[in-house]
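Protein chains in written order, with my numbering: chain A, 20 to 454; chain B, 170 to 422; chain C, 435 to 915. Data block below; observations after.
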Amino acid sequence: MTVSTKKDHQLVELFLSTQANLDKSGLLIELKSAAKSSLDETGFPTLKEEEYKFTNINKRILDKIKKYASPNTVNNIGDVLEANQLFNSLEGYKLIRNNGVFEAELSSKSDGSFIVKPFSDLNSDEVKEIGSIETINKDPFTALNSYSFESGIRVEIPEGAILEQPILLVDVISADANGECVHPRAYFHAGKNSQATVIEITIFLDESPVFLNEVQEWNIESNAHIRHYKLQDGHKAELGVSNTSSNLARDATFTSVLLSLNGEMLRNNLSININDTNCTGNMYGIYMLNGKTHVDNHTNVDHKMPHSESNELYKGILTDQSRGVFNGKIFVRKDAQKTNAFQQNNNILLSEEAILNTKPQLEIWADDVKCSHGCTTGQLDEEALFYLRARGIGKESAKSLLLYAFAGEVLDKITHETFKKYCEEIVHERLGAIK
Amino acid sequence: MLSIKNLHAAIEGSPILNGINLEIKAGEVHAIMGPNGSGKSTLASVLAGREEYEVTEGSVTFKNKNILELSPEDRAREGIFLAFQYPVEIPGVSSTNFLRTAVNQVREYRGQSPLDAVKFLSLMKEKMKLVEIDQKLLSRALNEGFSGGEKKKNEIFQMAMLEPTLSILDETDSGLDIDALKVVANGVNQLKTKDNATIVVTHYQRLLDYIVPDFVHVLYKGKIVKSGTKDLALELEAKGYDWIKDELSGATV
Amino acid sequence: MSKDNEILEELTSREYEHGWSVDYEADEAPIGLNENIIRWISSKKEEPQWLLDWRLKAFEQWRKMDEPTWANVHYPKIDLQSLRYYSAPKQKSKSKKISDIDPELLKIYERLGISLNEQKRLQGVAVDVVLDSVSVGTTFKDTLSKLGVIFCSFSEAVTEHPDLVKKYLGSVVPATDNYYAALNAAVFSDGSFCYIPKGVRCPMELSTYFRINAANTGQFERTLIVAEDQSYVSYLEGCTAPQRDENQLHAAVVEIYAAKNAEVKYSTVQNWYPGDKNGKGGIYNFVTKRGICAGDNSKISWTQVETGSAVTWKYPSCILKGDNSIGEFYSVAVTNNYQQADTGTKMIHIGKNTRSRIVSKGISAGKSQNSYRGQVQVMKRATNSRNFSQCDSLLMGDQCGAHTFPYIDIQNPTAKVEHEATTSKIGEDQIFYCNQRGISSEDAVALIVNGYAKEVLNQLPMEFAVEAQKLLALTLEGSVG
């Protein structure tokens, strides 16, 4: 409580001192001041805390980040986007954030099936929504984001809207002399019977140290179906925390696919709250790590009502001195009878120095449920490898073929063809580089 | 075909259905809508013979038989099919094995000889096309690990296999995305003949764009409080159920 | 009362089929347990000195041991001094030929559906029958002996093949392995012995049928199976007991030794009297079963269908010592009424490239408690070893319990260990769903339970699988509701 508390607060003070009252509209002042007191009170987690036992991101930020403010927006962002291959290959509703600041001009305009508003335009009911799903006490980094975000966006997918094209949420990130920390913030509301896919990508202009601290909230109304794909393919000096929370009403579906392929240290917290009956929550992920990359995925599904299901599959391929952490929590509350909850975490370690910590956690209070969890950690199947080689396939290609098959199960969860193809290609490329 | 008269039913002593009257003729599609807790699913369960519900008053005749005296399996064998709101998973029992047992027990009741494996499989192949169900799914344990959409498609597939006279679809559309909804509705529509009838219980008016009902009934507090055509559903969608509630309380004051 | 409950009542009140007993003249040891009783048993069986010494040494060790309490079962302390440790039907002739067996005894087995008459018996299954403490006869001995296969009662093996017995007895389960194994070593009265010589594929299933008839008698049999290089044998074990109000103790030991490239398949259908529906009476079944894959590429596979006994404590295990050896454990354990089962396996990986597979299906009904307890241990030298474990629990009703206790201990980083567990419940929902598709409740339960246990039942030899399937349905039908 003594030494560590001091260190926690060192970072809190660094953040608080550099970012005073950033909410220009003043609408969210209550949230921000609550976030400030929360941060003051809790500080940042150390290794002593169960939730951050393997991921000392607090220390890493202190070591690597020098400027705790946000950088200025990038001037030539139009050119940046134009030069990005992935961005250009995708069509859809565009939401562009420039170092965390919403770029209305470059983003798609609202229409009958897609309405976007910066936080400064929120009405009083909408103001109350912000921070209602991902509450500031859930994670100190949520509190930090809530205190620090400059301009958030609220996206509405109206009742009955079936979006044929995906929503593309694009972050352009570039640290500068002013700051190295970005806190993107978004709130999504999916109306009854609506259907949409969101693809989230991040473009880094350089590889200088940066801390990206994102919060995203999802309110999914009855019978709405949302698919959320996120690609984390940054650089070796990227520190990142993301907190994503979703509330599901009856008959709703939320599917998350997360690909973590690069970074220095990334921590992803994903929560699905099953608040009513007949919901489906899907959480899929791949982490393919090399060098000293450290990726920590914490997921949490909270079954509060009966007859719903959740499916979780996270797969990891680790090489070099990389480290993967998986912690999956499933709560099945007393009223959530007839819940089906599945969780699986499979890992392949390709080097002696790679480390993996996996912890599936099931807490079940209902008595009529079906829950299963499984985890595996192992090397590549030597026998299968030998079989392929005996058929004349070279060792390297045999290896990447097997790894690709391993990863394929998660990639197949992506239903957007162009994006899937892109992901397959980079996974392929990365696997080919593994010796 | 089906005649429900003054049907009252209760669960653990608390009344849910408070005097349902409904006449269904061959060839008709009836939609039943209503707010949460109005008794929609209870009505479907009582017709299929779920034991928890106690019928306290009234009668239900199906093809001139008092079905309230029949066991659930005999009601099924008589031709009543319930597509479950929450299709049940049965670990270890393949859909194929399950259906073959069901089809042959129903045939036995009807005095028909059991289908041999070859005939059964060819019947299955034919019906599978109807709901675009993957054959691989049918060799897996019944509903186990099926997605929500697959479960609902499997219900309609079973309906096709058992060829019921009266099908009751209990919120079959809930939780389906638009593509799955179209497949399910298309299957139901193709199974429609002049000799069978369908009751569609739904929470969302949207389904009725795909399965067009001849009649729409609004269930409220265990009674049918309003009946009409498809337009009634549209009106409900636009105005919500409060409109009905207000109308009712206005009428009684 | 719902209809499902009615069926439950009807079926659970169904009597245990094999609950009768027969009066016959018996040769009995006095009640109680002491060194003199052990000497009495040994002299009764005209045993050599080395075996008596072995027994006495085990007894001495046993006296220093405590009854294990770690299992998830609860029962009143057993008064081992109030039991009888030897009871044998008096046989007029010492001959072990079926034709010389007392016809009265043969009738017991006829009534159990086991014909010892070779003409009536299914071709392809040789049977050794053990009644209370002794083996009363073995079939097909001549056919087997032509191939060099030895299949006889344990007592006979001690006399006829002392070198083999001396070499392997206690080599897999040492006399002092655990409390019950030590007790067994001290007082065991008979059992089966089976030896498959090098290169022989045993052409028929070998089977032992155990029956406890006498009251207040513990059954302590010992089975020893030795499979030499490149041999194969499939071995079956079945058991029943009369319905008595007091509990009876069964503490058996099974040892399997598999040499290089040998394969042993051991199947059990355990149907000891489980006690009545109020939990009165029933067998306490405390069994130690272990096999060693001593040679490279050897394989031992345990399959068990456990439906009987009031309390079961049983962990058929494999020591995978030879490189590339394989251990398997397939189990269906059913508990109903007040039965308690704590069962599972141990897979000890010592050799390189060793594999093990565990499939455990627990079914609990009534007020019963069903626990899976399994250990997978990968030792330092066991490079590239693999284990796959699947433990499923099925609950019927809401007054029973299912528990899973997996222990995983890995000392070699190349090991690949997978564990999967599920718990599900059969309830009125599933039955109603079947009903709604036109399937009757009884058929629905049979369909569900057999579907669930299929993976294990498929491992049983054909004749046994059908029996086991019927037994499962009988034990459980109507437990839903």
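We put the beta carbon where it would ideally sit given N, CA and C, even for glycine. All figures in this text were calculated on a predicted structure; none of them were measured in a lab.
For residue i, the first and last residue of its enclosing alpha helix (DSSP H)
i       : result
I472(C) : E469 to K478
M330(B) : G317 to L331
N273(B) : S264 to Y278
D877(C) : S875 to L891
F223(A) : Per DSSP, F223(A) belongs to no alpha helix (DSSP H); it is in the beta strand (DSSP E), Q214 to F223.
K440(A) : E436 to A452
Y127(A) : The sequence as given places Ser at residue 127(A); Tyr does not occur at that position. Premise fails: S127(A) is in no alpha helix (DSSP H) and is neither H nor E.
I15(A)  : Residue coverage of chain A in this structure runs from 20 to 454, which leaves residue 15(A) outside it and unanswerable.
T92(A)  : Where T92(A) is concerned, there is no enclosing alpha helix (DSSP H), given that its DSSP letter is neither H nor E.
V687(C) : Looking at the DSSP string, V687(C) is not in any alpha helix (DSSP H); the run it does join, the beta strand (DSSP E), is V687 to A692.
Any chain A beta carbon closer than 7 Å to residue i
i       : result
Y410(B) : no
D339(B) : no
S790(C) : no
S412(C) : This structure gives no information on residue 412(C), because the portion of chain C shown stretches from 435 to 915.
G317(B) : yes
R375(B) : yes
Residue i CB to nearest heavy atom of the ligand MN below 6 Å
i       : result
R724(C) : The ligand MN is not part of this structure, which contains no ligands at all.
Test item: CB-CB of residue i and residue j under 7 Å
i       : j       : result
N232(A) : V189(A) : no
T338(A) : N365(A) : no
G725(C) : I690(C) : yes
L388(B) : S228(B) : no
I367(A) : A360(A) : no
S165(A) : P137(A) : no
E197(B) : D383(B) : yes
P642(C) : S626(C) : Rather than Pro, the amino acid found at residue 642(C) in this sequence is Thr. Contact: yes.
K632(C) : D597(C) : no
I186(A) : Y112(A) : yes
L171(B) : L186(B) : no
S589(C) : K479(C) : yes
D270(A) : S343(B) : yes
CB contact below 7 Å: residue i versus chain B
i       : result
Q362(A) : no
Q214(A) : yes
T299(A) : yes
D270(A) : yes
Residue-level contact to chain C via CB, residue i, 7 Å cutoff
i       : result
I185(B) : no
L251(B) : yes
R246(B) : yes
S129(A) : no
K389(A) : yes
Q274(B) : yes
G261(B) : yes
T377(A) : no
G393(A) : yes
Residue i - containing beta strand (DSSP E), residue span
i       : result
A209(A) : R204 to A209
F384(B) : F384 to Y389
M293(B) : Looking at the DSSP string, M293(B) is not in any beta strand (DSSP E); the run it does join, the alpha helix (DSSP H), is A286 to M297.
Short CB-CB distance (under 7 Å) between residue i and chain F
i       : result
I325(B) : Structure shown: chain F not included; protein chains present are A, B and C.
- Item | Residues, ordered as in the chain, of the stretch 843 to 855 of chain C that lie near chain A by beta-carbon distance below 7 Å | Residues of the stretch 843 to 855 of chain C with a C-beta atom less than 7 Å from some C-beta of chain A are T848, K850, E852, H853, E854 and A855, listed in chain order.
- Query: Which of the residues in the stretch 218 to 243 of chain B, read from start to end, lie with their CB under 8 Å from any CB of chain A?
  - Reply: Within the stretch 218 to 243 of chain B, no residue has a Cβ that lies closer than 8 Å to any Cβ of chain A.
- Could you please tell me which residues of the stretch 177 to 188 of chain A, in chain order, have their CB closer than 8 Å to any CB of chain B? Under the 8 Å Cβ criterion, the stretch 177 to 188 of chain A contributes G179 and I181.
- Hey, is the stretch 355 to 368 of chain B in contact with the stretch 317 to 330 of chain A, meaning 3+ C-beta pairs nearer than 8 Å? Pairwise C-beta distances place the stretch 355 to 368 of chain B out of contact with the stretch 317 to 330 of chain A, as fewer than three of them are shorter than 8 Å.
- Name the residues in the stretch 311 to 345 of chain A whose C-beta lies less than 7 Å from a C-beta of chain C; which are they? Cβ contacts with chain C come from no residue of the stretch 311 to 345 of chain A.
- Query: Is it a yes or a no for the stretch 578 to 589 of chain C touching the stretch 462 to 475 of chain C, going by three-plus beta-carbon pairs under 8 Å?
  - Reply: No, because fewer than three Cβ pairs between the stretch 578 to 589 of chain C and the stretch 462 to 475 of chain C fall closer than 8 Å, the two stretches do not touch.
- Message: By the 7 Å beta-carbon criterion, what residues does the stretch 827 to 840 of chain C contribute toward chain B?
- Response: So the list is empty, because no residue satisfies the distance condition.
- Pull out every residue of the stretch 460 to 479 of chain C whose Cβ sits closer than 9 Å to any Cβ of chain B, in chain order. Using a CB distance below 9 Å, no part of the stretch 460 to 479 of chain C faces chain B.
- Message: To be precise: take each residue of the stretch 399 to 414 of chain A, compare its Cβ to all Cβ atoms of chain C, and keep it if any distance is under 7 Å. Which residues remain?
- Response: Taking 7 Å as the upper bound on Cβ-Cβ separation, chain C lies near residues E401 of the stretch 399 to 414 of chain A.
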